[in-house]
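Heads up: the sequence shown at position 281 corresponds to 281 in this note's numbering, and the numbers run straight through without jumps.
One structure is given here, and the rest of the page talks about it.
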Amino acid sequence: MATAAHRQQPEQPEQQAGLAQLSLGIAAARNLATTTKSVPQMQGISSRWLLRMLPWVEVKGGAYRVNRRLAYEVGDGRVTFVQEGATVRVVPAELGELPLLRGFHDDETLRALAERCRQREYEPGQVIAERGRAVDHVYLIARGKVEKAGTGKYGEETRRGVLTDGGFFGAQAVAEEPGEWAFTARAMTACTVLALPRDAYKEVAARSERLRDHVRLRQDEKARPQNKKGEANIALASGHTGEPVLPGTFVDYELAPREYELSVAQTILRVHSRVADLYNDPMDQVEQQLRLTIEALRERQEAELVNNPEFGLLHNADYSQRISTHSGPPTPDDMDELLSMRRGTKAFFAHPRAISALARECNKRGLSFDSADVGGHPVPAWRGVPILPCGKLPVSEEGTSAILAMRLGEAEQGVVGLRQTGIPDEYEPGLNVRFMGINDQALISYLVSTYYSAAVLVPDALGVLENVEVFHTPS
């Protein structure tokens, strides 16, 4: 028994109950050590590629006016509906989105037209309007996708676009000579459509001289010489010989150009004087508080540049520059179509999940992204145009988002950011920090403000691919 006892290992000092500690403990030693620490971290900081890529224009007067040539083509917007159970009705004033009714403000007449719209349901593949037949209805799409199919040179079917919620076709049905359908409209999904018969329109117009005069005026405007962008034509002569009489001309401007006023994001930063006085080693507490506050303001600034209803890019994209995905997820075909709608596209902006969805579609076809260098950072690209992540682009509950395509800069008639530098107490370009005083609780207050906006100089500078499905669906 004694031999066995001698074979047992001696207990360690920390295991010997009641014995004195033989060395300094770790917990006590840390009281004398200098801890290496990081600056305060923040999960909400993103790459903010949109703020990096936008060319910033100085706006000294606080407002930026975008002057354009006079354009006759207006409208082609989106129509809004209200739903009561399974019944859908068009908001009467929204009929003013039809090109020939744009600017018509007789509420009673518009209400009479809205009441004559009839709800129809279409199944996938069902034809709504057939090419070559007389245009006898205005069709307003309340919900669903409608494909416009044409005929090629040799009789083959071609796709001319996709219309979705709020879109419409057949607006020429209210004209004096509506003509024939130039395409076949076919439901791609289950669709709810409101149809306004031409006969119903003529019945209302017969009782409203004001409506007839307005439509006639709009038709006269459309008949004026204009280029393919709808701008008033500039008369020129070319290819002539001898001494013909040259045409005289002038360039007309919009009489009421749009002005963008600088918006503001602000907050009041409060720091207790005791904290600012005593706890500044090794890091300045006020500086760290200010750094994180500015990061949050910059995040809000980028979100506003995308989503603000007044100047946000999603809301200011011209409806003629909006297209829908053909099948749901973003495909190479969709990206090519979006790219072809403008010259000099400098960047795509998409939610990271939309980029992932596009990558999946490319993988199915055996394709891969290009690569581009942007400010020393390798990023994915499509046809050489960088695709930059922007988490501020919303993803709906149904899993749809949007992809933006932009031409950038004043010189290129593109998209520009607006700001004013040299403001009082400027801390960063377009951002200032102003001391507001110390209150009775010894709280130091600073007003932190940043001023910004964005402008689209011509409509085709900004394009949007809509209804981009980002959820992964099994193939």
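Beta carbons are placed, not taken as given, at the ideal position from N, Cα and C, and that holds for glycine.
Element boundaries [beta strand (DSSP E), containing residue i]
i    : result
M406 : T400 to M406
R258 : R258 to E261
L465 : L462 to E469
I423 : Per DSSP, I423 belongs to no beta strand (DSSP E) and is neither H nor E.
E58  : W56 to E58
A63  : A63 to V66
A195 : C191 to P197
L388 : V385 to P389
Residue i and residue j closer than 8 Å at C-beta
i    : j    : result
E361 : P332 : yes
S453 : L418 : yes
V144 : A190 : A quick correction: the sequence has Gly, not Val, at residue 144. Their beta carbons are under 8 Å apart, which means G144 touches A190 by this criterion.
V468 : I423 : no
V470 : A354 : yes
L100 : Q321 : no
R131 : T158 : no
C117 : L98  : no
L262 : V433 : no
D370 : A357 : no
V448 : L292 : no
L305 : L50  : yes
A347 : L314 : no
E410 : G344 : no
D107 : S208 : no
V275 : Q288 : no
C390 : A350 : yes
E302 : I323 : no
R342 : D460 : yes
G414 : L457 : yes
A173 : V138 : yes
T80  : V88  : no
S38  : E299 : no
T135 : E84  : In the sequence as presented, Thr is not what sits at residue 135; that position holds Val. Not a contact, by the Cβ cut-off of 8 Å.
L194 : A112 : no
P244 : L236 : no
Reduced DSSP category for residue i - H, G, I as helix; E, B as strand; rest coil
i    : result
C362 : helix
D213 : helix
K148 : strand
Y279 : coil
Q119 : strand
Q301 : helix
D284 : coil
Y479 : Here the chain covers residues 1 to 475 and nothing more, so residue 479 does not appear.
E84  : strand
D370 : strand
S495 : Nothing can be reported for residue 495, as the shown portion of the chain is limited to 1 through 475.
Q289 : helix
V458 : coil
T109 : helix
I234 : coil
V486 : There is simply no residue 486 to check, as the chain begins at 1 and stops at 475 in what is shown.
A442 : coil
L140 : strand
E180 : strand
Q321 : helix
N432 : strand
R131 : coil
G167 : coil
L447 : strand
V91  : coil
V174 : helix
Q21  : coil
Q266 : strand
V306 : helix
R480 : What the structure shows of the chain is the stretch from 1 to 475, and residue 480 is not part of that stretch, so it cannot be assessed.
A185 : strand
P453 : Correcting the residue type first, residue 453 is Ser in the shown sequence and not Pro. In this structure, S453 counts as strand in the three-state DSSP scheme.
First through last residue of the alpha helix (DSSP H) which encompasses residue i
i    : result
S238 : That residue, S238, is in no alpha helix (DSSP H); it is neither H nor E in DSSP.
M335 : P332 to S340
L314 : L313 to N316
I477 : Past the boundaries of the shown model lies residue 477; the chain is included only from 1 to 475, so the question cannot be answered.
A347 : Not the alpha helix (DSSP H): A347 falls in the beta strand (DSSP E), residues A347 to A350.
Integer Cβ distance of residue i from residue j, believed to fall under 8 Å
i    : j    : result
L297 : A265 : 5 Å
V215 : A455 : Incorrect: roughly 33 Å between the Cβ atoms, too far for contact.
V127 : R186 : 5 Å
L465 : P330 : 6 Å
G166 : R102 : Not a contact, Cβ separation roughly 16 Å.
A129 : T192 : Going by Cβ atoms, the distance from A129 to T192 rounds to 16 Å, so no, they are not a contact pair.
L408 : M53  : 7 Å
Contact with chain B by residue i, beta-carbon distance below 8 Å
i   : result
W56 : Any reference to chain B falls outside this structure, which holds one protein chain only.
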